[in-house]
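Everything below concerns the one structure shown next.
2 protein chains.
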Amino acid sequence: MSVTLKDVAALAGVSRSAVSRTFTEGASVSAKTRSKVEKAAHELGYSPNALASSLTTGRTKLIGLISNNFHNPIFLEVFDQFTRALQERGLRPLIVNLTDETEPANSVRMLRQYSVDAAIVASSTLPPSFAKAFHDAGVPVVHTFGRSATSPEVHVVGIDNVECGRMAARELLARGYKRVGYLGGPKNATSALDRYRGFMEELANHPEIDVTHCFADAYSFEAGRAEMLRFLEDTTAQAYFCGDDILSVGALSALKDHGLQPGQEIGIIGLNDMEMSRWESVDLTTIHQPIKQIITSSVDLIEEMLKEPQRYPEARIFPCRVIERGTLRPRP
Amino acid sequence: MSVTLKDVAALAGVSRSAVSRTFTEGASVSAKTRSKVEKAAHELGYSPNALASSLTTGRTKLIGLISNNFHNPIFLEVFDQFTRALQERGLRPLIVNLTDETEPANSVRMLRQYSVDAAIVASSTLPPSFAKAFHDAGVPVVHTFGRSATSPEVHVVGIDNVECGRMAARELLARGYKRVGYLGGPKNATSALDRYRGFMEELANHPEIDVTHCFADAYSFEAGRAEMLRFLEDTTAQAYFCGDDILSVGALSALKDHGLQPGQEIGIIGLNDMEMSRWESVDLTTIHQPIKQIITSSVDLIEEMLKEPQRYPEARIFPCRVIERGTLRPRP
DNA sequence: GCTCAAGTTGCAACCGGTTGCAACCACAGG
DNA sequence: CCTGTGGTTGCAACCGGTTGCAACTTGAGC
Numbered sequence: 167m168s169v170t171l172k173d174v175a176a177l178a179g180v181s182r183s184a185v186s187r188t189f190t191e192g193a194s195v196s197a198k199t200r201s202k203v204e205k206a207a208h209e210l211g212y213s214p215n216a217l218a219s220s221l222t223t224g225r226t227k228l229i230g231l232i233s234n235n236f237h238n239p240i241f242l243e244v245f246d247q248f249t250r251a252l253q254e255r256g257l258r259p260l261i262v263n264l265t266d267e268t269e270p271a272n273s274v275r276m277l278r279q280y281s282v283d284a285a286i287v288a289s290s291t292l293p294p295s296f297a298k299a300f301h302d303a304g305v306p307v308v309h310t311f312g313r314s315a316t317s318p319e320v321h322v323v324g325i326d327n328v329e330c331g332r333m334a335a336r337e338l339l340a341r342g343y344k345r346v347g348y349l350g351g352p353k354n355a356t357s358a359l360d361r362y363r364g365f366m367e368e369l370a371n372h373p374e375i376d377v378t379h380c381f382a383d384a385y386s387f388e389a390g391r392a393e394m395l396r397f398l399e400d401t402t403a404q405a406y407f408c409g410d411d412i413l414s415v416g417a418l419s420a421l422k423d424h425g426l427q428p429g430q431e432i433g434i435i436g437l438n439d440m441e442m443s444r445w446e447s448v449d450l451t452t453i454h455q456p457i458k459q460i461i462t463s464s465v466d467l468i469e470e471m472l473k474e475p476q477r478y479p480e481a482r483i484f485p486c487r488v489i490e491r492g493t494l495r496p497r498p
Numbered sequence: 167m168s169v170t171l172k173d174v175a176a177l178a179g180v181s182r183s184a185v186s187r188t189f190t191e192g193a194s195v196s197a198k199t200r201s202k203v204e205k206a207a208h209e210l211g212y213s214p215n216a217l218a219s220s221l222t223t224g225r226t227k228l229i230g231l232i233s234n235n236f237h238n239p240i241f242l243e244v245f246d247q248f249t250r251a252l253q254e255r256g257l258r259p260l261i262v263n264l265t266d267e268t269e270p271a272n273s274v275r276m277l278r279q280y281s282v283d284a285a286i287v288a289s290s291t292l293p294p295s296f297a298k299a300f301h302d303a304g305v306p307v308v309h310t311f312g313r314s315a316t317s318p319e320v321h322v323v324g325i326d327n328v329e330c331g332r333m334a335a336r337e338l339l340a341r342g343y344k345r346v347g348y349l350g351g352p353k354n355a356t357s358a359l360d361r362y363r364g365f366m367e368e369l370a371n372h373p374e375i376d377v378t379h380c381f382a383d384a385y386s387f388e389a390g391r392a393e394m395l396r397f398l399e400d401t402t403a404q405a406y407f408c409g410d411d412i413l414s415v416g417a418l419s420a421l422k423d424h425g426l427q428p429g430q431e432i433g434i435i436g437l438n439d440m441e442m443s444r445w446e447s448v449d450l451t452t453i454h455q456p457i458k459q460i461i462t463s464s465v466d467l468i469e470e471m472l473k474e475p476q477r478y479p480e481a482r483i484f485p486c487r488v489i490e491r492g493t494l495r496p497r498p
């Protein structure tokens, strides 16, 4: 059926080892043999079987990419960046969709069956135990968008969510809002909790400010909309920090229902700066999370771990900044 | 490092074959041996190496999932559905992001290196030659969202795009629009061409109707917006069929810029019925494409091809229907 | 022409499994 | 007690590669 080492060796009139060596970096082959082999390989349309070689080398170049977030548009950007960054380095993403899975053991077993070289947990709504399960099973792992404080044993790449909460609070204060609210993601997401903490900490210095908060069921449009509708029934905040752009977009939709003009009557600041936030019809003031840098750095880290498996764990934290658009009133 | 057959065999006091057989469906092992092996395997935390076994069985359960569409939110739904459908059947998606790739040969080679059991080309903007390249290389392939007419040798799952174009035209006619336009996807997408053809064919029966058209650069918000802005400069159509919801959303944004009220002053009908189209702030009248059925069927077909590789190619076409929302004026 | 080091090559064992085959076993039927 | 049968088991070869090792080739230096 498919062309193997043996076929090429036969055609080129050399041993199987010689063929193998011409296809492995830095092996000792003479120019003459190499060219004979390359000619034969080309003639037969041979390409080495990566899986078979993984048996002896222990390297598959397969990277498990684990996520559960398929309802937040930012994740289309995340998948795009991850798949491209991995491909550029000759690595292959093996996707695991954890939407209806809560047990780390299953994913770990599955990815070990396929001998992935490493795993990337790309979600802030998966508990630290997920990344830790891979680490404990001896699989190099990076938790992208994770929280470093509670995962000292694994590599974490992302942002300082507490600081982002503070940043949002400062931004609302600077614009003179007196009654503010936090509309966060699900309570099981470390990002939602940390952003909440930062927001509250900063406002604790300003006891004159009135604060409310809530946590949505998910990082999704519907959840953001539902919570904002609830707020609008009895709360009188003038501005909200929504813990994610997709929640913000849901919230904006709720405001529209109530005939409220974002920016003018009610302020909204999001977090992520997803593509959609730039759309004129959304025009969301938001905190930019440097997705591209985070992902490139995650993949760099993966590569380095492959070279040095016992690498001491680190957290790579990237700064965020406010992007001014139309959903907050201007600074005085 | 990791636990192998041999370790389990040694602990259980049986041969390696016995261990292998307890883990393969339908092999002949006595209840006694099986329980001994299972006990030992559990004790050591053994799980078989899928890649090693693929060497002899020729099955990896790896499925190449190839796409280039990472700027259309519908693809988040597509990836979600695909990854789940594959997982449910014990198959593993190996993603290939073709955003900056135009040469099929590379992807084919790559996926053959990983011995994928089959490939799914999930895009209407990739040329038929992509799917064909896999077919020619002996890799079972399904072109989801493909066009059956120009790909008789590969399996295609999707919708009848020509009929959708007609459907859109009929819908605009039924609502009494006299000047209409088609705002399609990129010209290299079979879907964009076929929808165009159907739209025009239907309108050819109504010479009194004034028709314009254009093709956007991509299936993206920006492209849809840009084309609609261009239309608004000199065209006076009353309603547009946008060949995709994301183009529609871009177009809606352009209308808003010009102070035009969709539904009232200018009609828009999309195609896909993505999640966002249901949002109150979008509220897009659109043609529903049954994504879930298409994907489930694609994966079913993949499974059947694995059983019967020489299966005669077929096209599975699912009917679409108009979803009435707020961007077309009501039927009289 | 001889020596020797460096570079090249093939053999054979191995990676972690699967599987055809023949030997073996227990047991039912005569 | 013998025979035949069907189920179970282990051996050994194989899947498509890699790699340590020893043997070989080559060519420079004297």
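If you're matching them up, the sequences are chains X and U in order. Under the working numbering, the residue at position 281 of the first sequence is numbered 447, and the numbers go up by one with no gaps. Under the working numbering, the residue at position 239 of the second sequence is numbered 405, and the numbers go up by one with no gaps. Using N, Cα and C, we set each Cβ at its ideal position, and we do this for glycine too.
- Task: Starting from the N-terminal side, write out each stretch of the beta strand (DSSP E) that is 3 residues or longer and does not extend beyond the region 393 to 457 of chain U.
- Result: 405 to 408, 433 to 438, 452 to 454
Under the three-state DSSP convention, the category ASN354/U falls into:
Here the question's residue 354/U lines up with position 188 in the second sequence. Three-state DSSP puts ASN354/U in coil, outside helix and strand.
For MET333/X, which of VAL320/X, ARG363/X, HIS309/X has the nearest alpha-carbon?
Taking the first sequence and counting its residues from 1, one reaches residue 333/X at position 167. That would be ARG363/X, whose Cα lies nearest to the Cα of MET333/X.
- Pairing CB atoms from the region 225 to 234 of chain X with CB atoms from the region 284 to 295 of chain X, are three or more of them under 8 Å? yes
- Query: Near VAL185/X, what residues of its chain come up, given a Cβ to Cβ distance below 6 Å and the 5 sequence neighbours on each side ignored?
  - Reply: Stepping through the first sequence from its first residue, residue 185/X is reached at position 19. These residues qualify, in order along the chain: LEU171, VAL174, ALA175, VAL203.
| said: In the DSSP output, which residue or residues are listed as bridge partners for PRO259/X? | reply: Here residue 259/X refers to the residue found at position 93 when the first sequence is read from its first residue. ILE229/X.
Against ALA218/X, what residues of chain U qualify as contacts under a CB-to-CB distance less than 7 Å, listed in chain order? The sequence position of residue 218/X within the first sequence is 52, counting from 1. Going along chain U in sequence order, the residues near ALA218/X (Cβ under 7 Å) are LEU221.
Quick check for students: name the residue ranges of the beta strand (DSSP E) that lie wholly in the region 244 to 325 of chain U, counting only runs of 3 or more.
258 to 263, 284 to 288, 307 to 310, 321 to 325
Requested in this report: Please decide whether GLU446/U counts as near chain X, where near means a Cβ-Cβ distance under 7 Å.
Outcome: Within the second sequence, residue 446/U is the residue found at index 280, counting from 1. So yes, GLU446/U belongs to the interface.
- Query: Buried or exposed: ALA271/U, going by 16 or more other Cβ atoms within 10 Å of its Cβ?
  - Reply: One-based indexing of the second sequence puts residue 271/U at position 105. Burial call: exposed.
Worksheet entry | Cα-Cα separation between THR291/X and GLU374/X, rounded to whole angstroms | In the first sequence, counting from the first residue as 1, residue 291/X sits at position 125. In the first sequence, counting from the first residue as 1, residue 374/X sits at position 208. Going by the C-alpha atoms only, they are around 33 Å apart.
Next on the checklist: Check this for me: beta carbons of LEU359/X and VAL346/X, under 7 Å apart or not?
Outcome noted: Mapped onto the first sequence, residue 359/X falls at position 193. Mapped onto the first sequence, residue 346/X falls at position 180. No. Outside cutoff.
Check: How long is the line joining the alpha carbons of TYR212/U and LYS205/U, rounded to whole angstroms?
Finding: The residue labelled residue 212/U in the question sits at position 46 within the second sequence. The residue labelled residue 205/U in the question sits at position 39 within the second sequence. Each residue's Cα considered, the two are about 10 Å apart.
Between the region 279 to 293 of chain X and chain U, which residues of the former have a C-beta closer than 8 Å to a C-beta of the latter?
GLN279, TYR280, SER281
Practice item. Go to ALA481/U, then tell me how far its beta strand (DSSP E) extends in each direction, as first and last residue. Key: Position 315 of the second sequence, counting from 1, holds the residue named residue 481/U. Taken as a continuous stretch (DSSP letters only), the beta strand (DSSP E) holding ALA481/U covers 481 to 484.
Measuring alpha carbon to alpha carbon, tell me which of ALA403/U, VAL305/U, GLU446/U, SER295/U ends up nearest GLY312/U.
Numbered from its first residue, the second sequence carries residue 312/U at position 146. For GLY312/U, the nearest C-alpha among the options comes from SER295/U.
* Asked: Counting contacts by CB-CB distance shorter than 7 Å, is LEU260/X in contact with chain U?
  -> To locate residue 260/X, count along the first sequence from 1; it is residue 94. By this cut-off, LEU260/X is an interface position.
Open item on the list: Which residue marks the beginning of the alpha helix (DSSP H) containing HIS117/U, and which one marks its end?
Closed with: The requested residue 117/U is not part of the displayed model; chain U covers only 167 to 498.
Inset, instruction - Return the first residue and the last residue of the beta strand (DSSP E) that VAL488/X is part of. - result: Numbered from its first residue, the first sequence carries residue 488/X at position 322. It spans 487 to 489 - the beta strand (DSSP E) in which VAL488/X sits, taken as one unbroken run.
Sheet register partners of GLY347/U (DSSP bridge): Within the second sequence, the letter at position 181 stands for residue 347/U. Answer by DSSP bridge pairing, in chain order: THR378/U, TYR406/U.
- Query: What residues from chain X crowd round PHE387/U, counting only those whose CB sits closer than 7 Å?
  - Reply: Here residue 387/U corresponds to residue number 221 of the second sequence, with the count starting at 1. Those within 7 Å of PHE387/U in chain X are TRP445.
Query raised in the report: Since GLU329/U is in the alpha helix (DSSP H), which residue starts that stretch and which ends it?
Result: Taking the first residue of the second sequence as 1, we reach residue 329/U at position 163. First-last of the alpha helix (DSSP H) with GLU329/U: 327 to 340.
**Message:** How far does the alpha helix (DSSP H) with ASP173/U in it extend, from its first residue to its last?
**Reply:** Position 7 of the second sequence, counted from the first residue, corresponds to residue 173/U. That run of the alpha helix (DSSP H) goes 171 to 178.
ASP410/X at chain U interface by Cβ criterion, 7 Å | Start at 1 with the first residue of the first sequence, and residue 410/X comes out as number 244. By this cut-off, ASP410/X is not an interface position.
Output needed for GLU470/U: all residues of its chain with C-beta closer than 7 Å, excluding positions within five of it in sequence on either side, in chain order.
By one-based count along the second sequence, residue 470/U stands at place 304. The residues are ARG477.
query = Taking only beta-carbon atoms, is SER419/U less than 7 Å away from chain X?
reply = The count along the second sequence starts at 1 and reaches residue 419/U at position 253. It does; some Cβ of chain X falls within 7 Å.
To the nearest angstrom, how far is the alpha carbon of GLY416/X from that of LYS353/X? Working through the first sequence from its first residue, we reach residue 416/X at position 250. Working through the first sequence from its first residue, we reach residue 353/X at position 187. Roughly 18 Å separates the two Cα atoms.
Exercise. State yes or no: is the C-beta of ALA382/X within less than 7 Å of the C-beta of GLU393/X?
Key: Taking the first sequence and counting its residues from 1, one reaches residue 382/X at position 216. Taking the first sequence and counting its residues from 1, one reaches residue 393/X at position 227. In contact: ALA382/X and GLU393/X (Cβ atoms closer than 7 Å).
For SER219/U, report the span of its alpha helix (DSSP H) as first-last. Position 53 of the second sequence, counting from 1, holds the residue named residue 219/U. Residues 216 to 223.
Nearest by alpha-carbon distance to ILE457/U: which of MET366/U, GLU474/U, GLU267/U, ASP439/U is it? Taking the second sequence and counting its residues from 1, the one referred to as residue 457/U is at position 291. Nearest of MET366/U, GLU474/U, GLU267/U, ASP439/U to ILE457/U, Cα basis: ASP439/U.
Point to revise | Alpha-carbon spacing of THR222/X relative to HIS454/X, whole angstroms | key: Locating residue 222/X in the first sequence gives position 56, where the first residue counts as 1. Locating residue 454/X in the first sequence gives position 288, where the first residue counts as 1. Straight-line Cα distance between these residues: approximately 45 Å.
* Leaving out five residues before and five after ALA178/X in sequence, what residues of the same chain have Cβ atoms less than 6 Å from its Cβ? -> Looking up residue 178/X in the first sequence gives position 12. Excluding residues within five positions, the ones whose Cβ falls inside 6 Å are LYS202, VAL203, ALA206.
Measure the alpha-carbon distance for VAL308/X versus LEU437/U and round it to whole angstroms. Walking along the first sequence from the start, residue 308/X turns up at place 142. Walking along the second sequence from the start, residue 437/U turns up at place 271. Roughly 39 Å separates the two Cα atoms.
- prompt: With distances taken from CA atoms, which of ILE460/U, ILE434/U, ILE461/U is nearest VAL448/U?
  reply: Here residue 448/U is taken as the residue at index 282 of the second sequence, counted from 1. The shortest Cα separation from VAL448/U among ILE460/U, ILE434/U, ILE461/U belongs to ILE434/U.
Notebook entry, point to check: For GLN109/U, which residues in chain X fall below 7 Å Cβ to Cβ?
Noted result: Residue 109/U cannot be examined here, being either before or after the span of chain U that is shown, 167 to 498.
- Message: Out of LYS344/X, ALA218/X, GLU431/X, which one is the CA nearest neighbour of ARG225/U?
- Response: Your numbering for residue 225/U matches position 59 in the second sequence. With distances taken between Cα atoms, ARG225/U lies closest to ALA218/X.
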